[in-house]
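Now the structure itself:
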């Protein structure tokens, strides 16, 4: 690809949060959520890269920032070397809570950089770069695409399907007041799984796809059962197992760890407030304070903000 020049000096991108796995679909399923980070990327004439970081957050304010690193990946791909950049962040996705904060940063950097140089990379190229940076597809895919996604790989090619999004359901998030990094949550998983656990989770992932297509939300409790990651991560999230059980007793349709945790996600048709209260109280009984939010799925994915929203 020939070297190119920028088309826009200032780009603003909105990227949704995401929840991954939904219990059984480890590193496969993801769903975008209506919580958003906004990233504003501006070319400057100064020979430095700077970041305006919200005072409540601790993160790199230089080239080490993940948004910058992701933007650099795209700029390198297209042959653009900016003299200086300034990044402004409006962060609403809680950090290290299993809601795709790092994926939001990666997608934000890639999409903003792509827009800045005139959209030379298509969605497939953006997704490939995002997976290369993140290491797994389950959060970056819905963050870019929106809705509910199923990620898979054929040979070395990453692919995805859009699944029916359960828009009729409320999504209750129980967000504990402590952070849990993905690396730590992955390090506790065993290197191998048993045949019986593989069969168990395989049947549940198939059932979850069927439940979404058939709108048989009464199947979700079984479809979101898991044997390959949640039992091991329970030791990192005090009260997790008890809160999941309590959520079902309060008539949640499906309850699972959101991504690597520590957040729990509950899919609810009625009584979202009651389910949230039960999750919060159960965590409290185990010494964990948490914030409850009720949201809907996001269907747009990452968008470049102009006077109106334009889908990527």
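In the numbering used here, the protein residues as written are 32 to 343.
We put the CB at the ideal spot given by N, CA and C, even for glycine.
These numbers were taken from a predicted model, which means no experiment stands behind them.
Classify residue 316: buried if its beta carbon has 16 or more other beta carbons within 10 angstroms, exposed otherwise.
Along the chain shown, one-based indexing puts residue 316 at 285. Answer is exposed; the Cβ neighbour count stays below 16.
By Cβ distance below 6 Å, which residues in the same chain neighbour residue 62 in space, the five residues on each side in sequence not counted?
Residue numbering aside, residue 62 sits at position 31 when the chain shown is read from its first letter. Cβ neighbours of residue 62 beyond the five flanking positions: 50, 173, 179, 328.
Quick one: what does DSSP say residue 307 is sitting in, helix, strand or coil?
Within the chain shown, the letter at position 276 stands for residue 307. Three-state result, residue 307: helix.
Check whether the Cβ atoms of residue 98 and residue 118 sit closer than 7 Å, and answer yes or no.
As a first step, residue 98 must be located in the chain shown, where it is residue number 67. As a first step, residue 118 must be located in the chain shown, where it is residue number 87. Contact flag set, yes.
Give the single residue among 332, 293, 325 whose Cα lies nearest to the Cα of residue 314.
Against the chain shown, residue 314 aligns to sequence position 283. It is 293.
Buried or exposed for residue 67, please, with buried defined as at least 16 other CB atoms from any protein chain shown within 10 angstroms of its CB.
If you number the chain shown from 1, residue 67 lands on position 36. Sixteen is the threshold: when 16 or more other Cβ atoms of the shown chains lie within 10 Å of the Cβ of residue 67, as they do, the residue is buried.
Just to confirm my understanding: we take residue 201, look at its own chain, exclude 5 residues before and 5 after, and list those with CB closer than 6 Å. What are they?
Here residue 201 corresponds to residue number 170 of the chain shown, with the count starting at 1. Closer than 6 Å at Cβ, skipping near neighbours: 299, 303, 325.
Does the stretch 118-137 come close enough to the stretch 146-158 to have 3 or more Cβ pairs within less than 8 Å?
no
So, residue 238 versus residue 252, is the Cβ gap smaller than 7 Å?
As a first step, residue 238 must be located in the chain shown, where it is residue number 207. As a first step, residue 252 must be located in the chain shown, where it is residue number 221. It is not a contact, given that the beta carbons lie outside the stated cut-off.
Is residue 281 helix, strand or coil when you go by DSSP?
The count along the chain shown starts at 1 and reaches residue 281 at position 250. In this structure, residue 281 counts as coil in the three-state DSSP scheme.
Distance, Cα to Cα, residue 233 vs residue 55?
In the chain shown, the residue the question calls residue 233 occupies position 202. In the chain shown, the residue the question calls residue 55 occupies position 24. Rounded to the nearest whole angstrom, the CA to CA distance from residue 233 to residue 55 is 8 Å.
Between the Cα of residue 71 and those of 104, 44, 65, spot the shortest distance and give me the residue it belongs to.
By one-based count along the chain shown, residue 71 stands at place 40. Cα-wise, what sits closest to residue 71 is 44.
Whether residue 82 touches residue 111 by CB criterion (7 Å)
Here residue 82 corresponds to residue number 51 of the chain shown, with the count starting at 1. Here residue 111 corresponds to residue number 80 of the chain shown, with the count starting at 1. Going by C-beta atoms, residue 82 is not nearer than 7 Å to residue 111.
Through-space distance from residue 176 to residue 195, alpha-carbon basis
By 1-based counting over the chain shown, the position of residue 195 is 164. By 1-based counting over the chain shown, the position of residue 176 is 145. So the two alpha carbons sit approximately 13 Å from each other.
Is residue 208 buried or exposed, if buried means 16 or more other CB atoms sit within 10 Å of its CB?
The residue you call residue 208 lines up with position 177 of the chain shown. Per the 10 Å Cβ criterion, exposed.
Answer yes or no: the CB of residue 220 versus the heavy atoms of the ligand SAH, is any distance below 6 Å?
Although the ligand SAH was asked about, the structure shown includes no ligands whatsoever.
Residue 145: first and last residue of the uninterrupted alpha helix (DSSP H) it sits in
Taking the chain shown and counting its residues from 1, one reaches residue 145 at position 114. First-last of the alpha helix (DSSP H) with residue 145: 132-147.
Is the beta carbon of residue 137 closer than 7 Å to that of residue 161?
Position 130 of the chain shown holds residue 161. Position 106 of the chain shown holds residue 137. Going by beta carbons, residue 161 and residue 137 fall inside the 7 Å limit.
Using 7 Å as the threshold, is the C-beta distance between residue 203 and residue 276 below it?
The residue given as residue 203 occupies position 172 in the chain shown. The residue given as residue 276 occupies position 245 in the chain shown. Taking 7 Å as the Cβ cut-off, residue 203 and residue 276 do not qualify as a contacting pair.
Could you check what DSSP says for residue 211 in three-state terms: helix, strand or coil?
The sequence position of residue 211 within the chain shown is 180, counting from 1. In this structure, residue 211 counts as coil in the three-state DSSP scheme.
What are the boundary residues of the alpha helix (DSSP H) that residue 257 is part of?
Residue mapping note: residue 257 aligns to position 226 of the chain shown, counting from 1. Taken as a continuous stretch (DSSP letters only), residue 257 belongs to no alpha helix (DSSP H), as it is neither H nor E.
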